[in-house]
Amino acid sequence: MDREDLSFLERIFSLPVNQIRQPILIVNQSKTRQLSSNIDFIRVINDANYGLSRSRNIALENASRKYVWILDDDVQVLPTAMTHILQAIYKHPNAAALTFKMQLPDGNPKRSYAAEEFEYRKTHLSHGPASIEIVLNVERLQTSGVHFNQRFGLGAQFPLGEEQVLFTDLLHAGEQARFIPEFIVQHDEVSSGIDPTSKKTIYARGAVAAHSNQIKAIFLNFKYVFFLWRKGYVKNWSKLIEAYWLFDHGVEDYATGFEGHRNLHLDL
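According to this note's numbering, the sequence shown is numbered sequentially starting from 361.
This is how it looks when you write it as structure tokens:
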């Protein structure tokens, strides 16, 4: 987030800033602009460095409440959101993470969701939930030592997959995460969607796979290349081979902590 005033909050909460009563912590990442607040409910931390996972970890470290709902600056909180969130918290007080549903401006779901509530298993993590669908139990994260992996997310070596990696780490730590089939937030249909054929995406997918299971990542590499071919995203054999090696570089660089492949390719 790179802001110089608090006016963006009015769109998020559909209220004038001085009428917002929810406790808010803003991590403003900018090398040139300083954000400030004179409103008791709204705190600001200015950070001169960038990185999506970095900003989320700063927020978690400085949270003043037991639960944190991660929001972007281009969403709208639905009127019934807090009711659904509080009901879920009371029902599942030991869950480290609760996820909900996101809708488009026309009221339709952003994507396909399960019809029933469920507890997350590794099989649910082929793709992680969106950050704005997630409510985190700060105490459970502190107890387990789990946080956002700063090698993943926008501004990091691997520019996606941070939510999937977080949930994988939570499950490995024995923590519970649950999906609640209720809408809490609205997001425009037009967004910075992920291009499955981009070099950055393929490279990062390899790293996400390696984080979960480095041996299984070999199989997932072939699976992802087949997915690109089956969906018609890539039909040229040389491009499919390139995709295979990009995925493999992501696996290797995650495992070794090496950034050499990215440094050699300026488009990564």
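Just so it is clear, CB atoms sit at the ideal spot from N, CA and C, and this is done for glycine as well.
Note that the coordinates shown come from a computational prediction; the quantities given were computed from them, not determined experimentally.
Residue from the options whose Cα sits closest to the Cα of residue i
i: K391; options: R500, N398, E602, D407; result: D407
i: F508; options: I554, I445, S367, E421; result: E421
i: Q546; options: P469, Y450, V495, H571; result: P469
i: H532; options: V506, F543, L606; result: V506
i: S396; options: E370, P376, F368, E364; result: E364
i: L514; options: T557, F373, N409, L485; result: N409
i: P465; options: L458, V585, T443, D548; result: D548
i: R371; options: Q524, R500, L438, E522; result: L438
Whole-angstrom distance between residue j and residue i, CA atom to CA atom
i: Q394; j: G610; result: 35 Å
i: F512; j: T528; result: 13 Å
i: A569; j: V435; result: 29 Å
i: L460; j: N388; result: Looking at the sequence provided, one finds Phe at residue 460 rather than Leu. Taking the straight line joining both Cα atoms gives about 25 Å.
i: D613; j: K451; result: 41 Å
i: Y473; j: E493; result: 12 Å
i: I554; j: Y427; result: 29 Å
i: I399; j: D608; result: 49 Å
i: Q517; j: H571; result: 14 Å
i: L485; j: A475; result: 17 Å
i: W429; j: I544; result: 11 Å
Whether residue i touches residue j by CB criterion (8 Å)
i: I384; j: I405; result: no
i: F401; j: R381; result: yes
i: L606; j: I562; result: yes
i: L431; j: A456; result: no
C-beta neighbour in chain C for residue i, strict 8 Å
i: R363; result: Given the protein chain composition of this structure (a single chain), no chain C is represented.
- request: Inspect the CB distances between the segment 478-491 and the segment 534-542 and report whether three or more fall short of 8 Å.
  value: yes
- request: Can you check the segment 501-553 for any beta strand (DSSP E) of at least 3 residues that lies completely inside it and give the ranges in chain order?
  value: 537-547
query: In chain order, which continuous runs of the beta strand (DSSP E) of length 3 or greater are located wholly inside the segment 401-445?
result: 402-407, 427-429, 435-437
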